[in-house]
Each structure stands twice: as structure tokens, then as C-alpha cells.
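Here the protein sequences line up with chains A and B, keeping their order.
In terms of numbering that gives the first Met the number 0, the first sequence opens at residue 0 and continues consecutively.
In terms of numbering that gives the first Met the number 0, the second sequence opens at residue 0 and continues consecutively.
Some notes on the structure that comes next.
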Amino acid sequence: MSAQTYAIWRKNGLVWLALLVLLGLTFGAAHIPLGGLNVVIGLAIAGIKVALVVVIFMGLGHSPSLIRLAAAAGVFWLTILFVLTLTDVVTSRQFQNAHPQTKGGEQSLSRNR
Amino acid sequence: MIARAKVLQPPWKELSRQREGATFGIWIFLASELLFFGSLLLLYTAYRVANPDVFITAGRETDLWYGTVNTAVLMTSSLTMAVAAQAAEADMRHLTIWCLGATVVLGLMFLVFKGFEYAEDIEKNLVPGANFALKEPATQIFFALYWIMTGIHAIHLSIGLGLVGRLAVFGALRGVQLRENPQVEVTALYWHLVDVIWIILYPLIYLMGRS
């Protein structure tokens, strides 16, 4: 194996090992009863894994600012999509819990039980 | 020079400019893909906020082992894809072709495992409809989202298999020059995005209600 081949495998192999360790961690953490924290930990570890793939495998870490801007624009619009929609979803649910007789908001989103 | 002329396409006069354009273009596309999957994730979030306990009951019915093994398989395919792309830059033709081939094999492995998992889900009556296995109606919403999200992900992965396989075959037959070819980087970035989407889906689909 040439020095260059070794360098490529070493750099990417370390990221891969980190990804597998994180997969083991998130798998293990899901089996510990932590209530609402379980989903938070699951998503936090997924976030770290995504960051590793995007920054190193996809090379965003050493990309020109134009490329970073394109990636950031996607995250920016996604944030707006989530924040504006969830503002309504979360608050109308709280309103329904406080006033169960009121049939407000999205019917299909109310408890289907 | 002849090989380079094959890579350089109009309207570009320089390969470096073409590569910048291709990378910028695919990132714009990936950002739009993020919004595409993001809208499905938003739907999932809204229904989960409305039915928190039922979603956990439903999530418990998914097969944790298929999901976890497939996550490892897909992350490994991202490793081989990243090595292929960097080897192509460094003009290491054999390593590039071998790693592209390994990526295709790992991608196929993912689809085979997914197929077995789907067969198991169908056998357990986890397809929304009249014979659905679980009682609470909202569990069907979870499984509708499960089928849509994993199905669309599998379609993306299949498209990626075609793109990576094409580079591997034509690269090996010398029909495509792999060195400095923007197609290699664009394909790699698309493949990594498919992996990223799965990494986000994994805790939302498979890790619920396991404690």
C-alpha cells in the first residue's frame, strides 16, 4: 500500500470508526429508560453523525464559501418550515388540552384514539 | 489531452470552472432534497406531537436489527464512496474502481436487507389498511410514514446505485475518465446525502420504545 493510499484510508477510516461507535452508543442509549430524553439523545447522536459525514466525507469543511452558503440555505429554509408549522401544531394542541370541548385546529392532527 | 477533452463539456472552457459549477449545482440540488425529506420529517413531527404514546407503541413494532445493520452497511458504503472520490482526485484508478464497486455491493446489501424487512412487515400485517395489526388508529399514521419515508429513501438509493455502478463499469472499461471528472464528486455527494437521510430516519423509526 502506498503512503498516499494509506493516508486516504486512515483519514476516512477514522471517521467510519467514529460513526460505528456513535451507532453503538445510540443503540445502547435507546435501551435505557430516560423518558423524553431518549428521543433527544437519539437525535443529538444522529446530528453528530450527520456532521461527520457532511464535514469530512462530503468535504464541506474545506469547501469554498459559495458551497457552504448553498448548504446553509437548505438548512435555513428547513428551519423556517419547521418553526412556522410547529408554532401552530404545538400551540393548537395545548389549546385543545386546555379546552377539550373546542374542536379547533387540524382535526386530523388531534388524538386519533 | 484527448482524455481531458472528454471530461470538459460546453459551455465551460476550463475544467476547474466546470468542476466548481458542478459542485455548486449538486449542493443546490441536495439543499432542495433536504427540504423534500424535511417536509416528510415535519409531517412525522406534527403527528408525533399529537400522538406521542401511540407513535412509541407503533415504533416498537419495527425491526431494530434490520434497521441497525442497514445503518452500519450504509455508513460503510459512505466510507468506500469517500475513498473512491478522493482516490479519483489523486489519480489512483484501481482504488477508485474497487471502491466504487464496493459501494455498489454495499448499496445492494442495504436493499436486500430492506426487502427482507419489508417482507417481515407485510407478514406482521404492518401495512395500513383493513387488516392492520395494531388497534390504535394513529399507529397506522406511523406506518404510513414508515412506508413512504423508507420507500422514497430506497428509490433514492436505487438511483444512486445506477450512478455509482455506471462510473464503476465505464471507469473500468475506460469509457469514462475518472481522474478530475466532476461526475465522480457529484455522484459521491449524492450518495452521502442518501446516507445522511438514513442516519436521521434511524432514531425516529427504529429506536423508539426500546427501553
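For each residue, glycine too, the CB sits at the ideal point set by N, CA and C.
It should be emphasised that the depicted structure is a prediction, and the values quoted were computed from it without experimental measurement.
Step through the CB atoms of chain A and report whether any lies within less than 8 Å of the CB of residue 209 of chain B.
Proximity of residue 209 of chain B to chain A, defined by a Cβ-Cβ separation below 8 Å, is satisfied.
Nearest-angstrom Cα distance between residue 193 of chain B and residue 95 of chain B?
Spanning the two alpha carbons is a distance of roughly 20 Å.
Please report how far the alpha carbon of residue 24 of chain A lies from the alpha carbon of residue 15 of chain A, in whole angstroms.
Their Cα atoms are separated by approximately 14 Å.
Local conformation of residue 16 of chain A per DSSP, three classes
Helix.
If residue 51 of chain A sits next to residue 18 of chain A, beta carbons under 8 Å apart, how far is it from one beta carbon to the other, in whole angstroms?
A Cβ-Cβ separation of about 6 Å places residue 51 of chain A in contact with residue 18 of chain A under the 8 Å criterion.
Cβ neighbours of residue 53 of chain B in the same chain (closer than 7 Å, five flanking residues each side left out):
Taken in chain order, the residues that qualify are 135, 137 and 138.
Between the Cα of residue 204 of chain B and those of A/41, A/2 and A/33, spot the shortest distance and give me the residue it belongs to.
If we check each option's Cα against that of residue 204 of chain B, A/41 comes out closest.
Could you list which residues in chain B have their beta carbon closer than 8 Å to that of residue 92 of chain A, in chain order?
Against residue 92 of chain A, the close residues of chain B are 48 and 49, in the order they occur along the chain (beta-carbon pairs closer than 8 Å).
For the stretch 50-64 of chain A, enumerate the residues whose C-beta is nearer than 8 Å to any C-beta of chain B, in chain order.
Under the 8 Å Cβ criterion, the stretch 50-64 of chain A contributes 52, 53, 55, 56, 57, 62 and 63.
For residue 27 of chain B, which of helix, strand or coil comes out of DSSP?
DSSP places residue 27 of chain B in helix when its eight states are reduced to three.
Where does residue 16 of chain B land, buried or exposed, given buried means 16+ other C-beta within 10 angstroms?
Under this definition residue 16 of chain B is an exposed residue.
Which of the three DSSP states, helix, strand or coil, is assigned to residue 63 of chain A?
Looking at residue 63 of chain A - three-state DSSP - the assignment turns out to be coil, as it is neither helix nor strand.
Residues of chain B with a CB under 7 Å from the CB of residue 4 of chain A: which are they?
By Cβ distance, chain B contributes 91 and 94.
Closest to residue 141 of chain B by CA distance: which of B/60, B/14, B/35 and B/195 is it?
The shortest CA-to-CA distance from residue 141 of chain B to any of B/60, B/14, B/35 and B/195 is the one to B/60.
Do you know offhand how far residue 187 of chain B's Cα is from residue 88 of chain A's?
In this structure, the CA atom of residue 187 of chain B is about 37 Å from the CA atom of residue 88 of chain A.
Does residue 79 of chain A come within less than 8 Å of chain B when only Cβ atoms are used?
Against chain B, the CB of residue 79 of chain A has no partner CB under 8 Å away; the residue lies outside that interface.
So is residue 30 of chain A buried or exposed if we call it buried at 16+ other beta carbons inside 10 Å?
Burial call: exposed.
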